[in-house]
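See structure below.
Number of protein chains: 4
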Amino acid sequence: MPDKTAPDAARRSQRSRQAICEAALSLVGETGYDKLTIEGIAARAGVGKQTIYRWWPSKGAVLLDAFTETMEAGEGTLPDTGDLATDLKAVLRATVDEFNDPAFQAPYRALYVAMVNDSEVSAGFTSKVMEPGTQAYVDRIRAAQDAGEVSEDIDPRLAAELILGPFAQRWLLRSQPLTHEFADSLVDMALTGLRPRNPRA
Amino acid sequence: MPDKTAPDAARRSQRSRQAICEAALSLVGETGYDKLTIEGIAARAGVGKQTIYRWWPSKGAVLLDAFTETMEAGEGTLPDTGDLATDLKAVLRATVDEFNDPAFQAPYRALYVAMVNDSEVSAGFTSKVMEPGTQAYVDRIRAAQDAGEVSEDIDPRLAAELILGPFAQRWLLRSQPLTHEFADSLVDMALTGLRPRNPRA
Amino acid sequence: MPDKTAPDAARRSQRSRQAICEAALSLVGETGYDKLTIEGIAARAGVGKQTIYRWWPSKGAVLLDAFTETMEAGEGTLPDTGDLATDLKAVLRATVDEFNDPAFQAPYRALYVAMVNDSEVSAGFTSKVMEPGTQAYVDRIRAAQDAGEVSEDIDPRLAAELILGPFAQRWLLRSQPLTHEFADSLVDMALTGLRPRNPRA
Amino acid sequence: MPDKTAPDAARRSQRSRQAICEAALSLVGETGYDKLTIEGIAARAGVGKQTIYRWWPSKGAVLLDAFTETMEAGEGTLPDTGDLATDLKAVLRATVDEFNDPAFQAPYRALYVAMVNDSEVSAGFTSKVMEPGTQAYVDRIRAAQDAGEVSEDIDPRLAAELILGPFAQRWLLRSQPLTHEFADSLVDMALTGLRPRNPRA
DNA sequence: GCGTAACCGAGACGGTACGTCAAGTCTTTGA
DNA sequence: TCAAAGACTTGACGTACCGTCTCGGTTACGC
Numbered sequence: 001m002p003d004k005t006a007p008d009a010a011r012r013s014q015r016s017r018q019a020i021c022e023a024a025l026s027l028v029g030e031t032g033y034d035k036l037t038i039e040g041i042a043a044r045a046g047v048g049k050q051t052i053y054r055w056w057p058s059k060g061a062v063l064l065d066a067f068t069e070t071m072e073a074g075e076g077t078l079p080d081t082g083d084l085a086t087d088l089k090a091v092l093r094a095t096v097d098e099f100n101d102p103a104f105q106a107p108y109r110a111l112y113v114a115m116v117n118d119s120e121v122s123a124g125f126t127s128k129v130m131e132p133g134t135q136a137y138v139d140r141i142r143a144a145q146d147a148g149e150v151s152e153d154i155d156p157r158l159a160a161e162l163i164l165g166p167f168a169q170r171w172l173l174r175s176q177p178l179t180h181e182f183a184d185s186l187v188d189m190a191l192t193g194l195r196p197r198n199p200r201a
Numbered sequence: 001m002p003d004k005t006a007p008d009a010a011r012r013s014q015r016s017r018q019a020i021c022e023a024a025l026s027l028v029g030e031t032g033y034d035k036l037t038i039e040g041i042a043a044r045a046g047v048g049k050q051t052i053y054r055w056w057p058s059k060g061a062v063l064l065d066a067f068t069e070t071m072e073a074g075e076g077t078l079p080d081t082g083d084l085a086t087d088l089k090a091v092l093r094a095t096v097d098e099f100n101d102p103a104f105q106a107p108y109r110a111l112y113v114a115m116v117n118d119s120e121v122s123a124g125f126t127s128k129v130m131e132p133g134t135q136a137y138v139d140r141i142r143a144a145q146d147a148g149e150v151s152e153d154i155d156p157r158l159a160a161e162l163i164l165g166p167f168a169q170r171w172l173l174r175s176q177p178l179t180h181e182f183a184d185s186l187v188d189m190a191l192t193g194l195r196p197r198n199p200r201a
Numbered sequence: 001m002p003d004k005t006a007p008d009a010a011r012r013s014q015r016s017r018q019a020i021c022e023a024a025l026s027l028v029g030e031t032g033y034d035k036l037t038i039e040g041i042a043a044r045a046g047v048g049k050q051t052i053y054r055w056w057p058s059k060g061a062v063l064l065d066a067f068t069e070t071m072e073a074g075e076g077t078l079p080d081t082g083d084l085a086t087d088l089k090a091v092l093r094a095t096v097d098e099f100n101d102p103a104f105q106a107p108y109r110a111l112y113v114a115m116v117n118d119s120e121v122s123a124g125f126t127s128k129v130m131e132p133g134t135q136a137y138v139d140r141i142r143a144a145q146d147a148g149e150v151s152e153d154i155d156p157r158l159a160a161e162l163i164l165g166p167f168a169q170r171w172l173l174r175s176q177p178l179t180h181e182f183a184d185s186l187v188d189m190a191l192t193g194l195r196p197r198n199p200r201a
Numbered sequence: 001m002p003d004k005t006a007p008d009a010a011r012r013s014q015r016s017r018q019a020i021c022e023a024a025l026s027l028v029g030e031t032g033y034d035k036l037t038i039e040g041i042a043a044r045a046g047v048g049k050q051t052i053y054r055w056w057p058s059k060g061a062v063l064l065d066a067f068t069e070t071m072e073a074g075e076g077t078l079p080d081t082g083d084l085a086t087d088l089k090a091v092l093r094a095t096v097d098e099f100n101d102p103a104f105q106a107p108y109r110a111l112y113v114a115m116v117n118d119s120e121v122s123a124g125f126t127s128k129v130m131e132p133g134t135q136a137y138v139d140r141i142r143a144a145q146d147a148g149e150v151s152e153d154i155d156p157r158l159a160a161e162l163i164l165g166p167f168a169q170r171w172l173l174r175s176q177p178l179t180h181e182f183a184d185s186l187v188d189m190a191l192t193g194l195r196p197r198n199p200r201a
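Chains as they are written, first to last, in UniProt numbering: chain R, 1 to 201; chain H, 1 to 201; chain S, 1 to 201; chain Z, 1 to 201.
Listed below in C-alpha cells is the structure:
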C-alpha cells in the first residue's frame with residue numbers, strides 16, 4: 001500500500017517526459033531561470049501541470065533532468081598525448097568556447113541558480129553534471145602521475161579543482177572575459193605553482 | 001540627462017533605508033533567496049512597498065546594498081609575517097570558518113543567486129564585495145614577489161584566483177566539506193604546483 | 001467567437017458564485033459603493049480574487065448580478081381593483097417604504113452609481129432591474145386604457161415614466177423626504193395633469 | 001481653540017483655484033469620474049496635492065465647485081409667451097440638446113455619481129445646480145396658475161418635478177434616446193394627465 | 001523695510017487596492 | 001484508469017493613488 005499514492009513509473013508517458021524536458025530547456029534559454037514557470041513549461045509541452053508535479057518536485061529538478069538528458073553521451077576521458085599541459089589546455093580551450101556560447105550558457109547558468117538555492121538539486125547536479133567532467137580531469141592527472149609528469153604526493157581531485165575552480169568562478173562572476181589565453185595561463189600556473197622553480201639554492 | 005523623473009536623493013529617509021537593509025538581511029537568513037519577497041521586506045521594515053521600488057530596481061539590488069553596508073570596514077590587507085604560505089593559510093582558515101557559519105552563509109549564497117541571474121547585480125557584487133577581498137590577496141602576493149618568495153613572471157591576480165576559485169567552488173557545490181585541512185592543502189598546492197619540484201632528481 | 005480563451009462556464013463553481021454575490025451585497029450595505037473593493041468581496045466570500053476577475057469584468061457587474069439574483073421572483077404585475085389611482089398609490093406607497101429601508105437602499109444606490117459610470121452595467125441594470133418594474137406599470141396602464149379609464153392616445157410607457165421618474169429623482173437627490181403623501185400627490189397629478197379639468201368653456 | 005488650524009481664505013491663490021477647476025473639468029471629460037484622481041488634477045493644474053486637500057474635502061467637492069463656476073450666469077427664468085406648453089417645450093428641447101452634448105454630459109454625469117455617493121455633495125449639488133433650474137420651472141408654472149392656464153390646486157414644485165423627473169431618468173438610464181419628440185410628448189402628457197379630457201362624452 | 005507666518009510647488013512617506021501571474025491542489029472529462 | 005484540461009485558493013507582483021508630512025521658495029502682512 002503506497003504511502004502517498006505514488007505514481008506508477010511503468011505507465012509513465014515517455015512522450016510527455018520528452019516534451020517537458022525540451023520545453024524546459026528552450027524556455028529557460030528564452031527567459032532565464034526565474035522567469036521560467038511550471039505553467040509555461042506545461043503550456044509549451046502541451047501537457048497538464050499535474051503531469052509535471054506528478055514526476056518532479058520542483059522546476060530545478062525538471063531542469064536538471066532536462067539538462068542531463070542532453071549530455072548522456074558524456075565523453076568521459078581527456079586526450080593523452082603524453083604532455084599534460086597540452087592536453088589540459090586543449091580541453092580547457094574547448095570548454096571556454098562552450099561556455100561562451102549563449103545557447104549553452106543560459107540553461108547552465110539557470111542550473112547553477114537552482115543548485116545554490118536547493119541542496120536537493122545541488123546533489124544531483126554535482127553527481128550527474130559536475131562529477132563526470134571532473135573525473136575525466138582526475139583520471140588524466142593520475143595518468144600523468146604514473147608517467148612521472150606530476151608529483152606523486154598531490155591529490156588528483158584537488159588538482160582538478162585547482163584548474164576548474166578559477167575557471168568556473170570567472171564564468172560565474174563575469175568579472176573578466178573567458179579566453180583561450182586565460183585557459184593557457186591557468187593551466188601553466190596550476191602546473192608550475194607560484195614559487196620560483198629554482199629557488200636561490 | 002534624467003532617466004525617468006528620478007527621485008530626489010536628498011530627501012531620502014535614512015531611517016527607511018536602514019530598516020529595509022536590516023529587514024532584507026534578516027529575512028533572507030530565515031527563508032532563503034527565492035522566498036524573499038519585496039512585500040515581506042516592506043512589511044518587516046514597516047515601510048511602503050513603493051519606498052523600496054523607488055530606490056532599488058530588484059530584490060537582488062536591495063540585498064547587495066544591505067550586504068555591502070555590513071562590510072563597510074573591509075579589512076583590506078592580509079597579514080605579512082614574511083612567510084606567504086603561513087599567511088594565506090591563516091586567512092583562508094578564517095574564511096572557512098566564516099563560510100561555515102549559517103548566519104553568514106545564507107545572505108551570501110542568496111547574493112550569489114541574485115548575481116548569476118542578473119548581470120546588473122553581478123557587476124555590483126563583483127566590484128563591491130569580491131574585489132576588495134581579492135585585492136588583499138593580490139597585494140600580499142605582490143609583496144611576496146618583491147621578497148623573492150614568488151616567481152616574478154606570474155600574474156598576482158590570476159594567482160589569487162587560483163586559490164579563491166577552488167574555495168568558492170567547493171562552497172557553492174557543497175560537494176565536500178570546507179575544512180582547515182582543505183585550506184592548507186589548497187594553499188600548498190597553489191604554491192607548489194602539480195609538477196615535481198626536483199624532476200629526475 | 002470567444003475573445004480571450006473564455007472560461008468554461010459549465011465548470012463554474014456555484015458555491016463560489018453564491019458566496020461572492022452575498023458578500024458583495026452585504027459589503028456594499030456596510031461601506032458604500034466606492035469603498036466596496038474586489039479584494040474585500042473576495043475575502044468576505046472566502047474566494048480568490050481571480051475567481052471574481054475570471055467571471056466578472058468590474059465590481060459594478062458583480063453588484064448587478066448579486067442584485068438581480070435577490071429579485072428573481074419579480075412580482076410582475078400590479079393589482080387591478082378597477083380603480084387605477086388606488087392601485088398605483090398602493091404600489092407606490094409600498095415602493096416608498098422599500099426605498100426608505102436602509103438595507104435595501106444601499107445596494108440600490110450603489111447600483112445607480114455603477115450604472116451611471118458604466119454603460120455596460122447601465123444596459124444590464126435597465127433591462128434586468130428597471131424594465132420588469134416599469135413593465136408592470138405599463139401593463140396596468142394599458143388595462144386602464146382598455147377599461148376607458150385612461151385616454152387611448154397616450155403612450156403607456158411614457159405614462160409609467162411620468163410617475164416613476166419624479167419618484168426616482170426625489171430618492172436620488174434626497175432633496176425632500178419620500179412619503180406616502182408624496183406618492184399620492186404624484187399619482188393624482190399624473191392622472192389629472194396640470195391643466196384645469198373644466199377649462200373656462 | 002481652533003479645530004484644525006483652518007487655512008486663511010484671504011490668502012488663497014485664485015490662480016491655483018482656477019487652474020484646479022479647469023483641470024478637474026477637462027480631466028473628468030476625458031476619463032470619467034472614477035478615473036478622476038486628485039493627483040491627476042494636481043498634475044494637470046501644475047499644483048501641489050496639498051493645495052487641493054487644503055481647500056476641498058473630496059474630489060466630488062472639487063467637481064461641484066468647478067461645475068458651478070461654469071454656470072454662474074444661471075438663466076433664472078423661462079420665457080413667458082402666454083402659452084405654457086410652448087414655453088416648456090422650447091426650454092425642454094434646449095435642455096435635450098444640452099444633455100446630448102458629450103462635452104456637457106461627462107462632467108454632469110460625474111457629478112451625479114459624486115452626489116449619489118456623498119450626501120455632502122448631494123446637498124450642494126441640489127441647492128447650487130438643480131434648485132435654480134427647478135425654480136425657474138416653478139416660477140413659470142406659478143405664472144400660468146395666475147393666468148388661469150394651470151389649476152390652482154396643484155403644487156408648482158411637484159409639477160416641475162413631473163416634467164424634470166422623467167427627463168432626468170431617461171438621461172441617466174440611457175434607456176431611450178433623448179429627442180425633441182420626447183420633450184414635446186412629456187410636456188403634453190404632464191399638462192393633460194392620463195385621464196380622458198372628456199370622460200363619458 | 002523687515003522679519004515671519006501663510007500659502008505654494010513638489011514630492012517622499014506608510015499604506016490600500018488594483019489587475020495580473022503563477023503556484024500548487026483539486027475536480028471534471030474524454031480516450 | 002489516468003492524463004489533459006482547467007477552475008480553485010493563495011499570495012506576490014509592480015503600479016496608481018490615497019491622505020499626511022516635510023521641504024525650500026515666494027508672497028504679503030504687521031510691526
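C-beta: ideal position from N, C-alpha, C; glycine also. Predicted model, so just to flag it, every value in this text is computed and none were measured.
Item	Value
For residue 178 of chain R and residue 171 of chain R, what's the separation of their Cα atoms in angstroms?	7 Å
Tell whether a beta-carbon distance below 8 Å holds between residue 202 of chain R and residue 140 of chain R.	Past the edges of chain R, shown from 1 to 201, lies residue 202 of chain R, and the structure says nothing about it.
Does residue 97 of chain S come out as helix, strand or coil in the three-state DSSP assignment?	helix
Under 7 Å Cβ-Cβ, which residues of chain R neighbour residue 117 of chain H?	32, 33, 34, 113
Quick one: using the 10 Å Cβ neighbour count with 16 as the cut-off for buried, is residue 134 of chain Z buried or exposed?	buried
Could you list which residues in chain Z have their beta carbon closer than 7 Å to that of residue 61 of chain S, in chain order?	In chain order: nothing, as chain Z lies at least about 14 Å away.
Go ahead and label residue 122 of chain H buried or exposed: buried means 16 or more other beta carbons lie within 10 angstroms of its beta carbon, across all protein chains shown.	buried
Identify whether residue 129 of chain Z lies in helix, strand or coil by the three-state DSSP scheme.	helix
With respect to the alpha helix (DSSP H) encompassing residue 108 of chain H, which residues constitute its N-terminal and C-terminal limits?	102–117
Tell me which residues share the same chain as residue 83 of chain Z and place their Cβ nearer than 6 Å to its Cβ, disregarding the 5 neighbours each side in the sequence.	none
Excluding the 5 residues preceding and the 5 following residue 20 of chain R in the sequence, name in chain order all residues of the same chain whose CB lies nearer than 7 Å to its CB.	41, 45, 47, 52, 62
Run the CB neighbour count on residue 163 of chain R, radius 10 Å, all protein chains shown included, and call it buried at 16 or more, exposed below.	buried
Are the CB atoms of residue 25 of chain Z and residue 66 of chain Z nearer to each other than 8 Å?	yes
With respect to the alpha helix (DSSP H) encompassing residue 59 of chain H, which residues constitute its N-terminal and C-terminal limits?	59–70
Taking the straight line between their C-alpha atoms, what separation do you get for residue 176 of chain R and residue 116 of chain H?	14 Å
Do you know how far the Cα of residue 12 of chain H is from the Cα of residue 111 of chain R?	38 Å
So is residue 189 of chain Z buried or exposed if we call it buried at 16+ other beta carbons inside 10 Å?	buried
Check the C-beta distance from residue 127 of chain H over to residue 196 of chain R and give it rounded, since I have them as a contact under 8 Å.	Not confirmed; about 33 Å, so no contact.
With a cut-off of 8 Å, does the C-beta of residue 162 of chain Z fall near any C-beta of chain S?	yes
Suppose the cutoff is 7 Å on Cβ atoms and the five residues either side in sequence are ignored; what does the same chain contact list for residue 69 of chain S look like?	21
If I'm right that residue 183 of chain S touches residue 89 of chain S with Cβ under 8 Å, what's the distance once you round it to whole angstroms?	6 Å
Taking the straight line between their C-alpha atoms, what separation do you get for residue 132 of chain H and residue 142 of chain H?	15 Å
How long is the line joining the alpha carbons of residue 91 of chain Z and residue 130 of chain Z, rounded to whole angstroms?	15 Å
Can you list, in chain order, the residues of its chain whose CB lies under 8 Å from that of residue 186 of chain S, leaving out five sequence neighbours each side?	92, 163, 166, 167
In whole angstroms, what is the alpha-carbon distance linking residue 149 of chain S and residue 107 of chain S?	37 Å
Using a 10 Å radius around the Cβ and a threshold of 16 neighbouring Cβ atoms, would you call residue 159 of chain H buried or exposed?	buried
Would residue 29 of chain R and residue 103 of chain R qualify as a contact pair, given that the criterion is a beta-carbon distance under 8 Å?	yes
Is there a Cβ from chain Z that is less than 8 Å from the Cβ of residue 151 of chain S?	yes
For residue 98 of chain H, count the other beta carbons within 10 Å of its own beta carbon; 16 or more makes it buried, fewer makes it exposed. Which is it?	exposed
Would you call residue 145 of chain Z buried or exposed, if buried means 16 or more other Cβ atoms sit within 10 Å of its Cβ?	buried
So which residues on chain H does residue 130 of chain R lean against when the C-beta distance must stay under 8 Å?	173, 175
Under 8 Å between the Cβ atoms of residue 78 of chain R and residue 137 of chain R?	yes
For residue 124 of chain R, I'd like the list of residues in its chain whose CB is within less than 6 Å of its CB, leaving aside the five on either flank, ordered along the chain.	64
Please check the pair residue 119 of chain H and residue 174 of chain R, which I expect to be a contact at CB under 8 Å, by giving their CB distance rounded to whole angstroms.	6 Å
Closer than 7 Å by beta-carbon distance: list the chain S residues that pair up with residue 109 of chain Z, in chain order.	116
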